[in-house]
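Engineer: Quick one: this structure, given as structure tokens, is what I'll be asking you about.
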Amino acid sequence: MPEIYSKYPMIKYLRKEALPTALCPGCGGGTVLNAFANAVDQLKIDPRDLVVVSGIGCSAWIASPYFLADTLHTTHGRAIAFATGVKVGLPDKKVVVISGDGDLASIGGNHLLHAARRNIDITVILVNNFIYGMTGGQVAPTTPFGAITTTTPYRNIEHPLQISETIAAAGASYVARWTTAHVYQLIESIKKALQVKGFSLVEVISQCPVQFGRRNKMKEPAEMLRWFLKNSVPISKAKKMPPEELEGKFVIGEFVNRQRPEFVSELNKLIDEVQEHFGLKEV
Amino acid sequence: MRYPFPVGKSDFIQGDEAIARAAILAGCRFYAGYPITPASEIFEAMALYMPLVDGVSIQMEDEIASIAAIIGASWAGAKAMTATSGPGFSLMQENLGYAVMTETPIVVVDVQRGGPSTGQPTLPAQGDIMQSIWGTHGDHMLIVLSPSTVQEAFDFTIRAFNLAEKYRTPVVLLTDAEIAHMRERVYIPKPEEIELIERKLPQNEEEAKLPFGDPHGDGVPPMPIFGKGYRTYVTGLTHDERGRPRTVEREVHERLIKRIFRKILDHKDEIISYDEFMLEDAEIAIVTTGIVSRSAVRAVKMLREKGVKAGLLKLNTIWPFDFDYIEELAERVRKIYVPEMNLGQLYHLVKEGANGKAEVELIAKIGGEVHTPMEIVERVVG
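Protein chains in written order, with our numbering: chain L, -11 to 271; chain C, -15 to 366.
Shown next as structure tokens:
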């Protein structure tokens, strides 16, 4: 193992044989992996009590192969549906989905919506870099209006999906959005998400300088981070702003943090109830 | 364990109901589904019974999510099943391939109805034979079973779980609207009368590190299920024996895919099952699968009464396919007829198997009606 890794305190959570990562220089994926590992470390979660599920795309690789836990690297868009089966089968384990915006909010958007509605105790870390990175920089449902991508070479004429707002409305217990320029807040939110009983979403606005920045006058990763910082609006302030002023801004903070009946607990409650009703329960 | 239905006695039930009861007796404790005619009764029975046996039945947002959830549950250690019909089965194909690639034991029931597209939702068909075998992309191997009675729907469901567990593979139970909705007398055995097979689990750390290896030489690796501290890495990408993605090395891909083929084909004598009726001295062979076999039995009797030496080969397993046996049969008989409820699917397999040793003729019928025995007889006697 190269010496540089031994100096990284979170290395114990990574599959060393898979390093160095395949992520491009300047990618926000490493920041997300680091934030997740720190959250796990601070909560003293044994990685053997974690199952990490991901879909397809650059951000899916953050979870698998790099994170050293039981990991299920699934088909495009379906990570949350796979995770639903894992969570019901292993209710005592923490089940985390880490994947991108194209994976979870486009092809997998329906699974995201319904998992939030069901309020199943899964934590989703959605890395939103506004673009399909792995396939070469095509437009995503999160791409800002007017942005240049390889499939909108003149400009994007669609408006981006507000993922956190949508999932908060769908019924999740916990929803927060941060950017890769807000690492400490991000770690705190991942910790809360891991502890909350119910569906939790942490949306991370992340930089893809290679596929997004380069075509949109921000080819340096630092330029993208400065863009995030300059345009981030805390949710408390955003509530007082008119919608036209929020165009192109990133609303950051906690959208919801609430207790609602959780799916797997309700399933088990139902099983007890039914068995008692039919006199099958052992007393 | 008390069961929410009578065991050790016969009952008069639908095919769909028989499949649900068999799944529960086979140890299935996770069911995920999405409503679709004519498979919904399987789901409804599972929803009713599962909580009574500490199991779970959940309705997912679509069929793609349903098969995804059962694969997840299987890695969590559960025996898991979903059921659907043609349109939903089409949606499941990508994840069916994922189950092949990740060697995940699951059972998928496809209750065939008329297609393509929405087609004839309430009527039987056999149009998914090729889809059940070749529906997903890439080189792949799986097992497809095909019952012809409600009793067989019950028995083959148990067998589907056993084969899935034994060979760490998805198994498709391919039935149809006729069997699914028909009521017949079925013997529901007591649990102690049923032989169940459970998946191999790693016996030591070394085995656990090779979730896609072949430590026992039978092509079937023990399954280091989640939650046991193995930190198993599962991916649909081409992977080595340890599960690590190795996507550009020809040898790694070939080794993996050929083992997935080998683990089934090396055991095909055990997996393949068929029934013969008056075939020993036959000059005319009728080869069928599923519901059409019922008419074919009668047709054979009618042909014998007319002095035609006819016999029936009823295929219970349609994949892997016993091409060699069909060739052997073709050497013995003058002609083979293949009545099926599509415009020619099983026919192509039989023709390939016959290898020119006997003429093979398709008796196709579509539109949602099973062949009458007379329709088969008339084609044979001309």
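Here a beta-carbon is modelled for each residue, glycine too, at the ideal position from N, C-alpha and C.
Determine the burial state of E45 of chain C: buried for a count of at least 16 other Cβ atoms within 10 Å of its Cβ, exposed for fewer.
Structural biologist: Here residue 45 of chain C refers to the residue found at position 61 when the second sequence is read from its first residue. With 16 or more other Cβ atoms within 10 Å, it is buried.
Engineer: Check each residue of the segment 68 to 81 of chain L: if its Cβ is closer than 7 Å to any Cβ of chain C, include it; give the result in chain order.
Structural biologist: Per Cβ criterion, the list reads A69, F70, A71, T72, G73, V74, V76, G77, L78, K81.
Engineer: To the nearest angstrom, how far is it from the Cα of Y33 of chain C to the Cα of A62 of chain C?
Structural biologist: Position 49 of the second sequence, counting from 1, holds the residue named residue 33 of chain C. Position 78 of the second sequence, counting from 1, holds the residue named residue 62 of chain C. Roughly 16 Å between the two C-alpha positions.
Engineer: In the DSSP output, which residue or residues are listed as bridge partners for C12 of chain C?
Structural biologist: Counting from 1 along the second sequence, the entry for residue 12 of chain C is found at position 28. Beta-bridge pairing links C12 of chain C to C:K63.
Engineer: With a 10 Å radius around its C-beta and 16 neighbouring C-beta atoms as the bar for buried, classify P100 of chain C as buried or exposed.
Structural biologist: Within the second sequence, residue 100 of chain C is the residue found at index 116, counting from 1. Under this definition P100 of chain C is an exposed residue.
Engineer: Among the residues of its own chain, which have a CB less than 6 Å from the CB of G121 of chain L, if the five just before and after it don't count?
Structural biologist: Counting from 1 along the first sequence, the entry for residue 121 of chain L is found at position 133. If we look at G121 of chain L and ignore the five residues flanking it on each side, its Cβ neighbours are C46, C196, Q199.
Engineer: At a Cβ cut of 7 Å, what residues of the segment 143 to 156 of chain L count as close to chain C, listed as they run along the chain?
Structural biologist: From the segment 143 to 156 of chain L, no residue has a Cβ closer than 7 Å to chain C.
Engineer: Just checking my contact of P154 of chain C with V84 of chain C at CB under 8 Å: how many whole Å lie between their CB atoms?
Structural biologist: Position 170 of the second sequence, counted from the first residue, corresponds to residue 154 of chain C. Position 100 of the second sequence, counted from the first residue, corresponds to residue 84 of chain C. Their Cβ separation, rounded to whole angstroms, is 6 Å, which keeps P154 of chain C and V84 of chain C in contact under 8 Å.
Engineer: Nearest CA to the CA of P175 of chain C: which residue from C:K247, C:V361, C:K(-7), C:V365?
Structural biologist: Position 191 of the second sequence holds residue 175 of chain C. The shortest Cα separation from P175 of chain C among C:K247, C:V361, C:K(-7), C:V365 belongs to C:K(-7).
Engineer: From which residue to which residue does the beta strand (DSSP E) around K257 of chain L run?
Structural biologist: To locate residue 257 of chain L, count along the first sequence from 1; it is residue 269. Premise fails: K257 of chain L lies in the alpha helix (DSSP H), 251 to 265, not in any beta strand (DSSP E).
Engineer: Along the chain, where does the beta strand (DSSP E) containing S279 of chain C start, and where does it finish?
Structural biologist: Within the second sequence, the letter at position 295 stands for residue 279 of chain C. Careful: S279 of chain C lies outside any beta strand (DSSP E), inside the alpha helix (DSSP H) at 276 to 289.
Engineer: Enumerate in chain order the residues of its own chain whose CB-to-CB distance from G125 of chain L is below 6 Å, with the five nearest sequence positions on each side excluded.
Structural biologist: Counted from its first residue, the first sequence places residue 125 of chain L at position 137. Once the five neighbours on either side are set aside, the close Cβ partners of G125 of chain L are I119, T137, T138, Q199.
Engineer: Between which two residues does the beta strand (DSSP E) holding A348 of chain C run?
Structural biologist: Counting from one through the second sequence, the residue named residue 348 of chain C turns up at place 364. It spans 343 to 348 - the beta strand (DSSP E) in which A348 of chain C sits, taken as one unbroken run.
Engineer: Determine which residues share a DSSP beta bridge with L189 of chain L and list them.
Structural biologist: Counting from one through the first sequence, the residue named residue 189 of chain L turns up at place 201. DSSP lists L:V112, L:V163 as partners of L189 of chain L.
Engineer: Using a Cβ cut-off of 7 Å, pull out every chain L residue sitting near E45 of chain C, in sequence order please.
Structural biologist: Taking the second sequence and counting its residues from 1, the one referred to as residue 45 of chain C is at position 61. Within 7 Å Cβ-Cβ: N98, H99, H102.
Engineer: State the Cα-Cα distance for the pair R106 of chain L and D29 of chain L, rounded to the nearest angstrom.
Structural biologist: Taking the first sequence and counting its residues from 1, one reaches residue 106 of chain L at position 118. Taking the first sequence and counting its residues from 1, one reaches residue 29 of chain L at position 41. Rounded to whole angstroms, R106 of chain L to D29 of chain L spans 29 Å at the Cα level.
Engineer: Is V134 of chain C near D94 of chain C, with beta carbons less than 8 Å apart?
Structural biologist: If you number the second sequence from 1, residue 134 of chain C lands on position 150. If you number the second sequence from 1, residue 94 of chain C lands on position 110. No, these two residues do not count as a Cβ contact at 8 Å.
Engineer: Less than 8 Å separating the beta-carbons of K290 of chain C and E267 of chain C?
Structural biologist: Along the second sequence, one-based indexing puts residue 290 of chain C at 306. Along the second sequence, one-based indexing puts residue 267 of chain C at 283. Against a cut-off of 8 Å, the Cβ pair of E267 of chain C and K290 of chain C comes out as no contact.
Engineer: Run through DSSP, which three-state label would H102 of chain L get?
Structural biologist: Sequence index remark: in the first sequence, residue 102 of chain L carries index 114 (1-based). H102 of chain L falls in the helix class under three-state DSSP.
Engineer: If distances are taken between C-alpha atoms only, which option among C:E345, C:G351, C:E1 comes closest to R169 of chain C?
Structural biologist: Translated into positions along the second sequence, residue 169 of chain C becomes position 185. Closest option to R169 of chain C, Cα to Cα, is C:E1.
Engineer: Which residue's Cα is closest to the Cα of A6 of chain C: C:V281, C:G274, C:F(-11)?
Structural biologist: The count along the second sequence starts at 1 and reaches residue 6 of chain C at position 22. It is C:F(-11) whose Cα lies nearest to the Cα of A6 of chain C.
Engineer: Provide the residue span of the beta strand (DSSP E) that contains G337 of chain C, from first to last.
Structural biologist: By 1-based counting over the second sequence, the position of residue 337 of chain C is 353. Looking at the DSSP string, G337 of chain C is not in any beta strand (DSSP E); the run it does join, the alpha helix (DSSP H), is 330 to 338.
Engineer: Taking C-beta pairs closer than 8 Å, name the residues in chain L that Y82 of chain C reaches, listed in chain order.
Structural biologist: Numbered from its first residue, the second sequence carries residue 82 of chain C at position 98. In chain order: T62, T63.
Engineer: Would you mind sorting K150 of chain C into buried or exposed? The rule is 16 or more other CB atoms within 10 Å of its CB.
Structural biologist: The residue labelled residue 150 of chain C in the question sits at position 166 within the second sequence. With 16 or more other Cβ atoms within 10 Å, it is buried.
Engineer: If you measure from the beta carbon of Q263 of chain L to each beta carbon in chain C, is any gap under 8 Å?
Structural biologist: By one-based count along the first sequence, residue 263 of chain L stands at place 275. Yes, contact with chain C.
Engineer: How about S220 of chain L and G17 of chain L: are their beta carbons less than 8 Å apart?
Structural biologist: Along the first sequence, read from residue 1 onward, the residue named residue 220 of chain L stands at position 232. Along the first sequence, read from residue 1 onward, the residue named residue 17 of chain L stands at position 29. No, these two residues do not count as a Cβ contact at 8 Å.
Engineer: Hey, could you find the ends of the beta strand (DSSP E) Q43 of chain C is sitting in?
Structural biologist: Against the second sequence, residue 43 of chain C aligns to sequence position 59. Note, Q43 of chain C: beta strand (DSSP E), 40 to 43.
Engineer: Contact between the segment 81 to 94 of chain L and the segment 37 to 53 of chain L: three or more CB pairs below 8 Å?
Structural biologist: Segments in contact, yes.
Engineer: How is F(-11) of chain C classed by DSSP in three states: helix, strand or coil?
Structural biologist: As a working mapping, residue -11 of chain C is identified with position 5 in the second sequence. Note: F(-11) of chain C maps to coil in three-state DSSP.
Engineer: Who does Q(-2) of chain C pair with in a DSSP beta bridge?
Structural biologist: If you number the second sequence from 1, residue -2 of chain C lands on position 14. Paired residue(s): C:R167.
Engineer: Just to confirm the assignment, what range does the alpha helix (DSSP H) spanning F138 of chain C have?
Structural biologist: Against the second sequence, residue 138 of chain C aligns to sequence position 154. 134 to 151 is the extent of the alpha helix (DSSP H) around F138 of chain C.
Engineer: Find the residues of chain L that neighbour R239 of chain C, judging by a C-beta separation of less than 7 Å, and give them in chain order.
Structural biologist: Along the second sequence, one-based indexing puts residue 239 of chain C at 255. Those do not exist, as R239 of chain C stays about 19 Å from chain L at its closest Cβ, beyond 7 Å.
Engineer: Determine the extent of the beta strand (DSSP E) in which V128 of chain C is found, giving its start and end residues.
Structural biologist: Taking the first residue of the second sequence as position 1, residue 128 of chain C is located at position 144. Taken as a continuous stretch (DSSP letters only), the beta strand (DSSP E) holding V128 of chain C covers 127 to 129.
Engineer: Under a CB-based cut-off of 8 Å, is T68 of chain C close to chain L?
Structural biologist: Position 84 of the second sequence holds residue 68 of chain C. So no, T68 of chain C is outside the interface.
Engineer: Look at the alpha carbon of F243 of chain L and the alpha carbon of Y142 of chain L, and state the distance between them as a whole number of angstroms.
Structural biologist: Your numbering for residue 243 of chain L matches position 255 in the first sequence. Your numbering for residue 142 of chain L matches position 154 in the first sequence. C-alpha separation (whole angstroms): 34 Å.
Engineer: Check the C-beta distance from R215 of chain C over to P35 of chain L and give it rounded, since I have them as a contact under 8 Å.
Structural biologist: For this step, residue 215 of chain C is matched to residue 231 along the second sequence. For this step, residue 35 of chain L is matched to residue 47 along the first sequence. Indeed, because the Cβ distance is near 7 Å, the residues count as touching under 8 Å.
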